[in-house]
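Top line first, the protein sequences correspond to chains A and B.
One point on numbering: in my numbering, the residue at position 204 of the first sequence is 214, and numbering is uninterrupted.
One point on numbering: in my numbering, the residue at position 198 of the second sequence is 207, and numbering is uninterrupted.
All C-beta atoms, glycine included, are put in the ideal place defined by N, C-alpha and C.
As the structure is a prediction and not an experimental result, all values here were calculated from the model.
To start, the structure under review is shown below, and the notes come after it.
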Amino acid sequence: MGSLLINQDRIADKEGFIKLCPFNALAIKDGNVTINAGCRMCMLCVKKSLNGEIEFKKEDLTLDKSKWNGICVYVDHEAGEIHPVTYELICKAKELAGKIGHKVYCLYIGSDIKKNARELLHYGIDEVIVCDYPALSKFRIEPYTAVFESYINTYKPCAILIGATPVGRQLAPRVAARFKTGLTADCTILDILDNTDLVQIRPAFGGNIMAEILTPASRPQMATVRYKVMTPAARIATETGKITFMPVNEGMLKSDIEVLHTKKKEKAKSLEQADIIVAAGRGVKTRDDMNMIYELANALGAEVAATRPLVEAGWFDSRRQIGLSGRTVRPKLIVTCGVSGTVQFAAGMNASDNIIAINNNPDAPIFKVAHYGIVGDIYEIVPKLTERIKSAGRV
Amino acid sequence: MNIIVCVKQVPETNKAEVDPVTGVIKREGFDAKTNPYDLYALETALRLKEKYSGTVTVITMGPGQAEDVIKEAYSMGADNGILISDRRFAGSDVLATSYALSQGIKSSGGFDLIICGKQTTDGDTAQVGPEIGEHLNIPSVANVLEIIDVRDNKITVKTDMPATVETIRVTLPCLLCVSENIFQPRLPSYIKKHETKDKPVKILTLDDFTDKGPEKYGLDGSPTRVKRIFPPEVNDRREMIHGTSDELAGKIYSTLSDLKLI
Ligand SMILES: Cc1cc2nc3c(=O)[nH]c(=O)nc-3n(C[C@H](O)[C@H](O)[C@H](O)COP(=O)(O)OP(=O)(O)OC[C@H]3O[C@@H](n4cnc5c(N)ncnc54)[C@H](O)[C@@H]3O)c2cc1C
Ligand SMILES: Nc1ncnc2c1ncn2[C@@H]1O[C@H](COP(=O)(O)O)[C@@H](O)[C@H]1O
Chain A
11 MGSLLINQDR IADKEGFIKL CPFNALAIKD GNVTINAGCR MCMLCVKKSL
61 NGEIEFKKED LTLDKSKWNG ICVYVDHEAG EIHPVTYELI CKAKELAGKI
111 GHKVYCLYIG SDIKKNAREL LHYGIDEVIV CDYPALSKFR IEPYTAVFES
161 YINTYKPCAI LIGATPVGRQ LAPRVAARFK TGLTADCTIL DILDNTDLVQ
211 IRPAFGGNIM AEILTPASRP QMATVRYKVM TPAARIATET GKITFMPVNE
261 GMLKSDIEVL HTKKKEKAKS LEQADIIVAA GRGVKTRDDM NMIYELANAL
311 GAEVAATRPL VEAGWFDSRR QIGLSGRTVR PKLIVTCGVS GTVQFAAGMN
361 ASDNIIAINN NPDAPIFKVA HYGIVGDIYE IVPKLTERIK SAGRV
Chain B
10 MNIIVCVKQV PETNKAEVDP VTGVIKREGF DAKTNPYDLY ALETALRLKE
60 KYSGTVTVIT MGPGQAEDVI KEAYSMGADN GILISDRRFA GSDVLATSYA
110 LSQGIKSSGG FDLIICGKQT TDGDTAQVGP EIGEHLNIPS VANVLEIIDV
160 RDNKITVKTD MPATVETIRV TLPCLLCVSE NIFQPRLPSY IKKHETKDKP
210 VKILTLDDFT DKGPEKYGLD GSPTRVKRIF PPEVNDRREM IHGTSDELAG
260 KIYSTLSDLK LI
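Spelled out as structure tokens, the structure:
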């Protein structure tokens, strides 16, 4: 890739010069030679430019990558409360920055966030840039983009990592379009090359293939990153790095959006959206016994699903049924409890990232699809597992 | 109210496999359909038109056959259709696509509202909508769950945020990316399909745009480069674990923490 550079002052005879192009892509506009949409990049004009009238500029020559330094993490939050994806991005940013000798920055935009900003100093970063104004208390696209722009213009970061959250997924493209730079959505793997090019890997075609994407000739490089795919940074007792307050002018805080009202959401999610599912089958003998399944699901932050017989028994809404005549799910984890794993059931869940099956019959077909086949009694294992998860949370 | 809806044609299935030798994507057939998420955008536009009157213009960028999505939109009730098609747009990434769409929208006359789907099933980025908003310098709102009303040149909507649902009022013109929970899309009508059989589709090429700089479009206008594609790692482990219930509970627990799920 590259572009054609026209050195107007070297062209003595403009009318004659434009005839060089076999596609009529050279024209004269306002007294200058221009290249129009007819250009096929055949390079004939470059070859015939004996006095350097038109030069071919390779794209990576036009960008001085050394001018763009630092890996920036956008601090995702709602009402100041930092989203956990932020700590995952910090961990990755530290690793990437370490490879190329850059610093790690956090950009925190909001209102009344000074206290939370200090918390970020416990994660081994170099600098938190804080933009704190009442007008930024709620996410609104125009002021947040404007603040982001101001940060990029001042700091010139090499790469920016943003959580693929409802906010990050709309803020990142606004910023990327403003800087006419690349943005890779929903990355699951990130790495960096010696020349500071960010290697961005993301699933495509519904997860059926993976694509490796580079932004070789633009800076900053931008990527949104899925939550819960990277390891979070560990909290360090001592603070390191510094907080810098970034002022912006009133005009940048203007917005055509007014937030009238916010309402806390109920937790219930649809099965298809759930990251973790606990599925119950006929191994659960009575409706009361479902309590142990719900407790496990609570401890895991999971949604509960069931096989068809339990739905037919009226224990569940049909929207909770997995399988051929129910929902197809693809969570990060599904734990099946007392499910035999007939083809009709397995068809709805066998693409899940991780399948843990608990069944007391070692010959149950579910063990053919399970990654971890646990041979045992759900009535003993499930309560013990729930207890372990809960007690770990208490530490 | 003049509403523009951005609709894309996508492959019928996203079952794709990578040829391990050539690294080329093998697709099952080449059947195409309207991006399902964009039908919700179109339905939203049609409902707004029914309530507040106006016109619904569908715009798509793609090869000639992408005209089909406009024909489908006509049979659902869209008034006008624009196809942006030019081989100079080949190889466009999000930036180049959104820029071309924004140029097409600009040259199609005025608008009050642009509605996009949540995402496409092939590109799958959910980025094209907000980037169009940026190129046109209008506010954009993603994850729109519900339209409350349109009054005094402002639209009030509910949007989905991580922990809350926000009710917000946005000055027109603006761009909305709507969620699939907003309305159930209507089915194409046979009568409308028949009536609009010969209804023309306006074709735009780069020459119709105000910004004709070829370097802004197609591969040249795309800052991202796909270096390689490869099949995902499939989890083909199969492990049977026996033991006492304490051991088994312990084993599940350590597996969950290794997988970073707790
Ligand atoms: C056309 C058609 C469509 C269907 N669609 C669906 C569908 O969409 N979804 C669906 O779920 N089913 C569907 N079915 C039904 C399906 O064939 C099975 O009947 C059903 O999935 C079995 O459910 P189950 O695993 O809960 O029960 P079972 O097959 O009875 O299995 C119970 C399992 O629990 C184990 N178990 C018992 N006690 C314990 C214990 N204490 N500890 C550990 N394990 C224990 C047993 O070993 C057994 O493997 C469909 C059937 C047909 C014909
Ligand atoms: N080629 C296209 N033509 C028209 N609209 C598009 C096109 N690509 C994306 N869009 C719109 O942008 C939304 C998001 O697409 P994407 O960023 O590809 O996930 C889609 O739901 C469409 O509304």
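Residue pairing by DSSP places residue 50 of chain B in no beta bridge whatsoever. Unbroken beta strand (DSSP E) runs of no fewer than 3 residues, entirely contained in the segment 155-240 of chain A, are found at 169-173, 193-197, 199-202, 208-214, 219-224 and 231-235, following chain order. Looking at the DSSP output, residue 157 of chain B sits in no beta bridge, so it has no partner there. A Cβ-Cβ distance of about 7 angstroms is found for the pair residue 159 of chain B and residue 10 of chain B, placing them in contact under the 8 angstroms criterion.
Distances between the C-beta of residue 137 of chain B and the heavy atoms of ligand 2 include at least one below 7 angstroms. In terms of Cβ geometry, residue 124 of chain B and residue 187 of chain B form a close pair [threshold 8 angstroms]. Distance from the C-beta of residue 47 of chain B to the nearest heavy atom of ligand 2 is below 7 angstroms. Distance from the C-beta of residue 50 of chain B to the nearest heavy atom of ligand 2 is below 7 angstroms. Taking 8 angstroms as the threshold, the shortest C-beta distance from residue 223 of chain A to chain B falls below it. Annotated as distal: residue 309 of chain A and residue 347 of chain A, with beta-carbon spacing of 8 angstroms or more. Taking a contact to require three or more Cβ pairs closer than 8 angstroms, the segment 249-269 of chain A and the segment 131-138 of chain A qualify as touching.
The criterion of a C-beta distance shorter than 8 angstroms is not satisfied by residue 192 of chain B and residue 59 of chain B. Closer than 8 angstroms at the C-beta level to chain B, one finds these residues of the segment 115-149 of chain A: 148 and 149. For residue 21 of chain B, same chain residues with a beta-carbon under 7 angstroms away, outside a window of 5 residues either side, are 38, 40, 41 and 42 in chain order. A distance criterion of 7 angstroms places the beta-carbon of residue 360 of chain A beyond contact range of ligand 1, judged by its closest non-hydrogen atom. Given a length threshold of 4 residues, each whole run of the alpha helix (DSSP H) inside the segment 197-225 of chain B is given here in chain order: 199-204.
Within the segment 215-246 of chain A, 215, 216, 217, 218, 219, 220, 221, 222, 223, 224, 225, 226, 227, 228, 231, 234, 238, 239, 240, 241 and 242 place their CB atoms closer than 9 angstroms to a CB of chain B, listed in sequence order. Contact annotation for residue 193 of chain A against chain B: 103 and 136 [CB-CB distance below 7 angstroms, chain order]. For residue 379 of chain A, the uninterrupted alpha helix (DSSP H) run begins and ends at 376-379, by DSSP. By alpha-carbon distance to residue 335 of chain A, the top candidate from A:343, A:358, A:350 and A:315 is A:358. In the displayed model, residue 239 of chain B falls within a strand according to three-state DSSP. About 17 angstroms separates the beta carbons of residue 269 of chain A and residue 157 of chain A, which is beyond the 8 angstroms limit, so they are not a contact pair.
Beyond the five residues adjoining it in sequence on each side, residue 284 of chain A comes within less than 6 angstroms, by CB distance, of 313 and 341 in the same chain, given in chain order.
Beta-bridge partners of residue 178 of chain B (DSSP): A:268 and B:165. The C-beta distance from residue 234 of chain A to residue 196 of chain A rounds to 6 angstroms, short enough to fall under 8 angstroms. Judged by pairs of C-beta atoms under 8 angstroms, the segment 165-173 of chain B touches the segment 170-184 of chain A, as three or more such pairs exist.
Taking a C-beta distance under 8 angstroms as the contact criterion, residue 291 of chain A and residue 250 of chain A do not qualify as a contact pair.
Between the alpha carbons of residue 242 of chain A and residue 271 of chain B lies a gap of roughly 12 angstroms. Taking a contact to require three or more Cβ pairs closer than 8 angstroms, the segment 201-215 of chain B and the segment 82-93 of chain B qualify as touching. Under the Cβ distance rule, residue 46 of chain B does not count among the residues neighbouring chain A, no pair being separated by less than 8 angstroms. With respect to residue 240 of chain A, residue 239 of chain B sits apart: the two C-beta atoms are not nearer than 8 angstroms. Residues of the segment 245-268 of chain A with a Cβ closer than 8 angstroms to any Cβ of chain B, in chain order: 265, 266, 267 and 268. Two segments are said to touch when three or more pairs of C-beta atoms, one from each, lie closer than 8 angstroms; by this definition the segment 22-36 of chain A touches the segment 44-54 of chain A. Nearest in C-alpha terms to residue 63 of chain B, of all of B:264, B:119 and B:179, is B:119. Membership of residue 354 of chain A in the alpha helix (DSSP H) is indicated by the continuous run 353-356. Within the DSSP bridge table, the entry for residue 326 of chain A names no partner.
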